[in-house]
Each structure stands twice: as C-alpha cells, then as structure tokens.
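Structure, as structure tokens:
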Amino acid sequence: MHNHPPVHKTDWLWFLATMMTFSSVSAQRIESKVETDLRTLPQERQDKLQDFADKTMHFLDSSPWCEDKWNTPVNIMVTLRLEDMSQGAEQRFKGTIIISNSYDIQFSDQRWRFAYQSGDPIQFNENNLDSFTSVMAFYIYLILGGELDKWGTMSGSSYYEKARNVAEQSKFGLGRFIEGWDRRLELVNYFLSDRHKPFREMVDYYFYGLSYTSEDNEKARKHCSTAIQKLDRIIANDPENEYARNFIKAHYQEIVEIFRRAKNKEPLRTMLVLDPDHERIYRDILER
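Per my numbering: the sequence shown = residues 253 to 540.
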C-alpha cells in the first residue's frame with residue numbers, strides 16, 4: 253500500500269513548465285463554487301432563489317465531511333439547473349447537477365427532484381434524509397472517495413461506503429423523491445466492486461509517482477510507468493471504460509511532461525495507442 257502526505261495543487265500551466273507541483277491527493281476540506289441556472293423558473297421563483305447558490309456553497313464549505321490532519325482543500329465546482337415542479341404551497345423542483353473536483357472527477361445527474369422552501373437553511377444530517385442535501389452529500393462522498401484513493405491504496409473506500417449508505421437509505425426512505433436513487437446506488441456499488449479495483453489501484457500508483465516529481469524523477473517515472481501499464485490492461489479488457497478514458501483526458505499533459513526527457517519512452521508509446529486524440533503530441537517527442 254502506498255501512503256504519502258498530500259501535495260498541493262497550484263497553477264497547472266506552471267506545473268507543465270516545471271513539473272514541480274500537482275493536484276492535492278488528500279482532500280477533505282471543501283472549498284466550493286456554486287452556480288445556479290434559474291432561467292426556466294417563473295420570475296417570482298427566481299427572485300426567491302437569488303441566495304440559493306450562496307446557501308448551497310456555505311452548506312458545502314461548512315459541513316464536517318471528514319477529518320484531515322493536513323486540512324487540505326478540495327475545490328468543488330457545482331452547477332445546478334432548476335425547473336419548477338411545484339404543487340400547491342410546496343416548492344418542488346426538478347434539478348440537474350454537474351459536480352466536479354475541478355480536475356479529474358466529474359458527475360452529472362439529471363434524475364433529481366427535491367423540495368426546497370425559500371428561506372429554509374440547508375443542512376445535512378446523516379440520520380435525517382433530505383431530497384436536496386442527500387444528493388449533494390452522495391456526490392461529495394464519491395469525490396472524496398476518489399481523492400482519497402490518490403493518497404493510498406483503496407483509501408477512499410470509507411467514503412464510498414458513506415455514499416452507499418446515503419443511497420440505500422434514500423432509495424427506500426425518500427418517498428416521492430426516490431427518482432434517481434436506483435442508479436446512484438448502482439454507481440457507488442460499481443466503485444466498490446472488484447471490477448473497478450484495477451482502476452483504483454492504477455490511480456494510487458500514478459499519484460504515488462507524482463508525489464516524487466519534485467525530488468526524484470526516476471521514482472516518479474517508475475511508479476507512473478506502472479500506472480500506465482495498468483491503464484493499458486484496463487482498456488484492453490474494457491475499451492469503453494469511461495473512467496479510464498476520462499483519466500487520460502485529465503492527465504495526458506502531465507504524463508507527457510513526466511516522460512518528455514526520460515531515456516525510456518515506452519510509456520509514451522503506450523499512450524500513443526491509448527490516446528489517439530493526441531497522437532501528434534506523443535509522436536513529436538518519440539520521433540526526435
């Protein structure tokens with residue numbers, strides 16, 4: 253098992269130039285940015301929800317999601333698109349959420365209905381189901397699980413379990429707001445399954461390698477090379493694996509910089525096959 257302290261995210265353009273900094277690999281303190289799209293709502297509803305983004309952001313940033321001795325932040329980007337589904341006095345909405353860690357993990361969910369009364373506080377309690385905050389908490393736990401997997405082998409499992417607990421309770425306990433919870437439960441069960449284990453192991457090797465980029469390039473390349481070999485096997489077994497494909501999109505530039513000056517460029521030859529969209533970048537280095 254690889255265990256290493258967090259490294260901190262700075263400007264990625266600077267990273268590509270210097271290979272000295274990279275994303276946090278232990279991320280528990282939430283720093284969020286929330287945007288709302290209220291254009292389909294009646295003007296009266298829009299006026300009442302002007303502070304909804306700020307309240308959601310405060311909820312995300314102030315809730316005690318977990319303990320972290322390094323107090324390392326994870327940046328969360330949230331976009332909420334709301335449609336009015338109100339009946340009578342109850343304000344009810346159909347929502348679409350796009351939530352990401354601003355780097356390499358993103359989820360999109362359109363099957364979401366929730367109740368929210370203008371002026372109500374937004375709070376999450378693991379023992380008190382809520383049609384709005386339970387969905388938010390579910391995806392926060394998924395992102396934290398993915399972040400902690402970068403810190404050590406399978407280190408995110410406890411947060412995936414938290415997400416599964418939210419999904420199981422919500423699927424059977426939210427009454428008329430259960431839409432989407434069957435799919436969310438399937439999603440987190442997949443993350444905890446043996447089928448997803450090779451991907452999680454690959455992520456651990458990759459970020460373990462990144463933790464050495466500022467002090468030992470050979471160690472960095474060794475572990476990142478192992479990660480690329482694992483990535484190759486994942487895609488060989490499942491060519492359409494969306495998580496492997498998204499990993500490549502998020503990290504191909506880092507991989508190029510790590511191996512640009514390496515004597516052994518076999519990892520780049522592997523990436524040439526795995527990532528044909530950026531073939532020219534790999535060939536420019538390999539053909540020098």
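C-beta atoms are modelled at their ideal positions from N, C-alpha and C, and glycine is treated no differently. Here the structure is a predicted model, which is why all the values come from computation and not from measurement.
Which same chain residues, not among the five before or five after Lys414, have their C-beta less than 6 angstroms away from its C-beta? Walking along the sequence shown from the start, residue 414 turns up at place 162. Result list for Lys414: Tyr393, in chain order.
Should the region 447-465 be regarded as contacting the region 473-491, the criterion being three or more beta carbon pairs within less than 8 angstroms? yes
Just verifying my parser: in three-state terms, what is the DSSP assignment at Ala367? Stepping through the sequence shown from its first residue, residue 367 is reached at position 115. It is a strand residue.
Given this structure, state the Cα-to-Cα distance separating Val286 from Phe359, to the nearest angstrom. On the sequence shown, residue 286 is found 34 positions in, with the first residue counted as 1. On the sequence shown, residue 359 is found 107 positions in, with the first residue counted as 1. Rounded to whole angstroms, Val286 to Phe359 spans 14 angstroms at the Cα level.
Can you give me the Cβ contacts of Asp361 inside the same chain, cut-off strictly under 6 angstroms, excluding the 5 residues immediately before and after it? One-based indexing of the sequence shown puts residue 361 at position 109. So the list reads Ile349, once near-sequence residues are dropped.
Best match in Ser370, Lys501 and Leu483 for proximity to Phe345 [C-alpha to C-alpha]: On the sequence shown, position 93 is the one that residue 345 refers to. Of the listed residues, the one whose Cα sits closest to Phe345 is Ser370.
Does the count of Cβ pairs from the region 497-515 and the region 530-540 closer than 8 angstroms reach three? yes
For Arg297 and Gly347, I'd like the C-alpha separation in whole angstroms. Your numbering for residue 297 matches position 45 in the sequence shown. Your numbering for residue 347 matches position 95 in the sequence shown. Going from the Cα of Arg297 to the Cα of Gly347 covers about 14 angstroms.
Mapping DSSP to helix, strand and coil, what is Ala328? Working through the sequence shown from its first residue, we reach residue 328 at position 76. With the sequence shown as reference, residue 328 is identified as Ile, and Ala is not the correct amino acid for it. Strand.
Coil, strand or helix - Gly347 by DSSP: Working through the sequence shown from its first residue, we reach residue 347 at position 95. Strand, per DSSP.
Environment of Arg291 [buried if 16+ CB atoms lie within 10 Å]: Sequence index remark: in the sequence shown, residue 291 carries index 39 (1-based). By the 10 Å Cβ count, Arg291 comes out exposed.
Quick check: the region 321-341 against the region 389-404, are at least 3 beta-carbon pairs closer than 8 angstroms? yes
Answer yes or no: the CB of Asn516 versus the heavy atoms of the ligand NAD, is any distance below 8 angstroms? Only the bare structure without any ligand can be found here, which leaves the ligand NAD out of the picture.
DSSP has Arg281 in a bridge; who is on the other side? For the purposes of this step, residue 281 is taken as residue 29 along the sequence shown, with counting starting at 1. DSSP output for Arg281 lists Pro325 as bridge partner(s).
Does the region 401-408 touch the region 425-437, meaning 3 or more C-beta pairs lie closer than 8 angstroms? no
Looking only at C-alpha atoms, which of Leu312, Lys300 and Leu301 sits nearest to Arg281? Along the sequence shown, one-based indexing puts residue 281 at 29. Of the candidates Leu312, Lys300 and Leu301, the one whose C-alpha sits nearest the C-alpha of Arg281 is Leu312.
Hey, Asp336 and Leu381: beta-carbon distance below 9 angstroms or not? Position 84 of the sequence shown, counting from 1, holds the residue named residue 336. Position 129 of the sequence shown, counting from 1, holds the residue named residue 381. Not a contact, by the Cβ cut-off of 9 angstroms.
Within 10 Å of its beta-carbon, does Asp446 have 16 or more other beta-carbons around it, so buried, or fewer, so exposed? Within the sequence shown, residue 446 is the residue found at index 194, counting from 1. Under this definition Asp446 is an exposed residue.
Straight-line gap, Leu334 to Arg435 (C-alpha atoms, nearest Å): Taking the sequence shown and counting its residues from 1, one reaches residue 334 at position 82. Taking the sequence shown and counting its residues from 1, one reaches residue 435 at position 183. C-alpha separation (whole angstroms): 20 angstroms.
Thinking Glu420 and Arg365 are a contact (beta carbons under 8 angstroms), I'd like their distance in whole angstroms, please. Taking the sequence shown and counting its residues from 1, the one referred to as residue 420 is at position 168. Taking the sequence shown and counting its residues from 1, the one referred to as residue 365 is at position 113. Not really, about 19 angstroms apart at Cβ, beyond 8 angstroms.
Have a look at Leu400 and Tyr411 and give me their C-alpha separation to the nearest angstrom. Translated into the one-based positions of the sequence shown, residue 400 becomes position 148. Translated into the one-based positions of the sequence shown, residue 411 becomes position 159. In a straight line, the C-alpha of Leu400 is about 8 angstroms away from that of Tyr411.
Thinking C-alpha only, which one of Ile357, Gln302, Gln343 and Cys318 is nearest Glu494? Position 242 of the sequence shown, counted from the start, is the residue given in the question as residue 494. Checking every option, the nearest Cα to that of Glu494 belongs to Ile357.
Can you give, in chain order, each stretch of the alpha helix (DSSP H) that sits fully within the region 401-450 and has at least 4 residues? 409-425 and 433-443
Delimiting residues of the alpha helix (DSSP H) encompassing Phe200: No information on residue 200 is available, as it lies outside the stretch 253 to 540 that the chain covers here.
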